[in-house]
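In the numbering used here, the protein residues as written are 622 to 1117.
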Ligand code: ADP
């Protein structure tokens, strides 16, 4: 038994010292009972609907449309019409004005969006308020700046828009992923049909209100809601010139198969199993904060989450002890409470998947630690979890859990750290914690990951490209790189 465990046995959870509730008011959000699809600037009455819920309470928030292939077809036609009726020929400086307007309106209405994001998705309000919303607005601001400078970004290559972009996004950062997709597409002169994830459609539907407020021409952005079958209908549609997908590797592979040989442009941002590597010279308290942020941020529903902790053997006991102590201070519960650190799991399906993998971890022989924690009775919850004594072959070290579950492995030398970190089919992100600048640079060269964070984790910025290697996908979002998937280039500019 470690010192910490002995102490915990002696000390019951201090009930008198919990934080007083600090709930954010829901009044700022006005929900309708029922939503249709946003097509050609109008609400299209859906043929079929399904309820969307709050994962923290299981209450139904609204009925939303389950788009059929006919409804997807109407949305693609609206996007094509808007593309041909002027949007693609609008000067970049004019397109930029709309993007700037959208960014400002998102800032003005950020509280409303943050509350709705937490209600529908289960993430803590302090994250939706301080991370999702500011970054979503920043993305529109950033790409607004590029809209009239494409010729400078790609000199002598005559950049032109691709056409109609079909965009399919996941449920972990609903509004932020919408911004990552829509902002560069519009900046480059494309029009869009976007499908939010089935469990988190509400901020995308509220965003339609922003589009109207910004007076974006009808049909430039169309939003259809529904499950995977709606996404599949969008992928199959012959009128779509480019698909941008963020989601699971399994669905990404299916989309790639579907589009092979069609000429439709494709970018995929898929799963991950990132290594967060802690060397013995790292600032340990900072590293522990980085580990916590790396895996418990957004309940671990993060494709680039630092889900495999690789810690140098000489400091592993100290790091694990500090980490366990830190876990006892994480507050799990009501996403709308401003003190909450870990909110609700996004869906019953995801909770079942996390539970299955955690059971597999126990069966395979890893040692589990979960801090004492009272979970709400209703809704979907999972206690922040750490597994130690994990072997590389265990499912919890290989498969993406997409939940608040960390697997700890150790290493002795930098070479071993690299080998273990790269021992995964994925390659989205990694973290390195060390005081040595030269080691950071060496590690960044060795790690097969699209993003390598040094002495920090989960840090995002619209100017910085993001994307994967191997089964984590291809194409980059963010930065100047994020413009390319939405442009085609005139090869004649090279005389070829
Ligand atoms: P996860 O739920 O793990 O994030 P998914 O890949 O299942 O990953 O979901 C991501 C997005 O892809 C969602 O919007 C979902 O509705 C959509 N989707 C699911 N299956 C398909 C499919 N066969 N074709 C296109 N989109 C799909």
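For every residue, glycine included, the Cβ atom is placed at its ideal position computed from N, Cα and C.
Since I believe residue j is in contact with residue i (beta carbons under 8 angstroms), could you give me their beta-carbon distance rounded to a whole number of angstroms?
i: residue 1071; j: residue 745; result: At roughly 26 angstroms, the Cβ-Cβ gap does not stay under 8 angstroms, so residue 1071 and residue 745 are not in contact.
i: residue 1023; j: residue 971; result: 7 angstroms
i: residue 688; j: residue 847; result: 4 angstroms
i: residue 1031; j: residue 942; result: Actually they do not touch by this definition, with Cβ atoms about 14 angstroms apart.
i: residue 1021; j: residue 852; result: Their Cβ separation, rounded to whole angstroms, is 19 angstroms, which puts residue 1021 and residue 852 out of contact at 8 angstroms.
i: residue 960; j: residue 643; result: 5 angstroms
i: residue 1093; j: residue 1058; result: The Cβ separation is near 27 angstroms, so there is no contact.
i: residue 741; j: residue 673; result: 6 angstroms
Leaving out five residues before and five after residue i in sequence, what residues of the same chain have Cβ atoms less than 7 angstroms from its Cβ?
i: residue 915; result: 897, 926, 927, 1052, 1078 and 1079
i: residue 749; result: 735, 738 and 739
i: residue 794; result: 753
i: residue 855; result: 693, 787, 789, 814, 816 and 861
i: residue 947; result: 909 and 913
i: residue 903; result: 1054, 1055 and 1056
i: residue 1043; result: 1068 and 1069
i: residue 1117; result: With a pLDDT of only 37 at residue 1117, under the threshold of 50, the placement of this residue in the model should not be trusted; the figure read from the coordinates follows. Cβ within range, chain order: n/a, list empty.
i: residue 840; result: 661, 662, 699, 700, 702, 703 and 812
i: residue 981; result: 1016 and 1017
i: residue 695; result: 660 and 665
i: residue 983; result: 989
i: residue 641; result: none
i: residue 968; result: 676, 820 and 1001
i: residue 697; result: 785, 814, 858, 860 and 861
i: residue 682; result: 652, 673, 674, 675, 740, 741 and 823
Got a sec: does ligand 1 put a non-hydrogen atom nearer than 7 angstroms to the Cβ of residue i?
i: residue 755; result: no
i: residue 865; result: no
i: residue 790; result: yes
i: residue 786; result: no
i: residue 916; result: no
i: residue 819; result: yes
i: residue 694; result: no
i: residue 908; result: no
i: residue 965; result: no
i: residue 999; result: no
i: residue 848; result: yes
i: residue 853; result: yes
i: residue 868; result: yes
i: residue 1091; result: no
i: residue 816; result: yes
i: residue 803; result: no
i: residue 876; result: yes
i: residue 842; result: no
What does a CB cutoff of less than 6 angstroms around residue i pick up in its chain, not counting 5 residues either side in sequence?
i: residue 678; result: 999 and 1000
i: residue 1028; result: 929, 1008, 1011, 1017 and 1018
i: residue 1101; result: 774
i: residue 887; result: 864 and 880
i: residue 1099; result: 1083, 1085, 1086 and 1087
i: residue 949; result: 992
i: residue 633; result: Note that residue 633 scores a pLDDT of 49, beneath 50, so its modelled location is shaky; the value from the coordinates is reported in the next line. Here the set comprises nothing.
i: residue 804; result: 760, 761 and 764
i: residue 1111; result: 779
i: residue 985; result: 1015
i: residue 1064; result: 1053
i: residue 731; result: 754
Can you tell which of the options has the C-alpha that lies nearest to the C-alpha of residue i?
i: residue 1096; options: 829, 828, 654 and 801; result: 801
i: residue 917; options: 891, 952 and 907; result: 952
i: residue 895; options: 810, 693 and 1040; result: 1040
i: residue 924; options: 874, 870 and 955; result: 870
i: residue 710; options: 743, 758 and 783; result: 783
i: residue 1069; options: 683, 1090, 942 and 888; result: 1090
i: residue 756; options: 1082, 827, 1042 and 730; result: 1082
i: residue 966; options: 983, 1025 and 990; result: 1025
i: residue 844; options: 771, 822 and 973; result: 822
i: residue 714; options: 686, 810 and 743; result: 810
i: residue 691; options: 988, 934 and 660; result: 660
i: residue 995; options: 901, 983 and 954; result: 954
i: residue 939; options: 968, 959 and 906; result: 906
i: residue 743; options: 654, 671 and 957; result: 957
i: residue 874; options: 882, 884, 648 and 889; result: 889
i: residue 712; options: 672, 747, 644 and 808; result: 808
i: residue 1005; options: 1038, 920, 973 and 1046; result: 920
i: residue 977; options: 1003, 961, 1036 and 997; result: 1003
i: residue 685; options: 1035, 838, 675 and 669; result: 669
i: residue 1074; options: 899, 681 and 655; result: 899
i: residue 729; options: 1103, 1109, 973 and 828; result: 828
i: residue 849; options: 868, 936, 931 and 806; result: 868
Leaving aside the five residues before and after residue i along the sequence, list all residues of the same chain whose C-beta is less than 8 angstroms from its C-beta, in chain order.
i: residue 835; result: 719, 722, 723 and 726
i: residue 1114; result: The predicted position of residue 1114 is uncertain, since its pLDDT is 46 and thus under 50; a value taken from the coordinates is nonetheless stated next. Around residue 1114: 777, 778 and 779.
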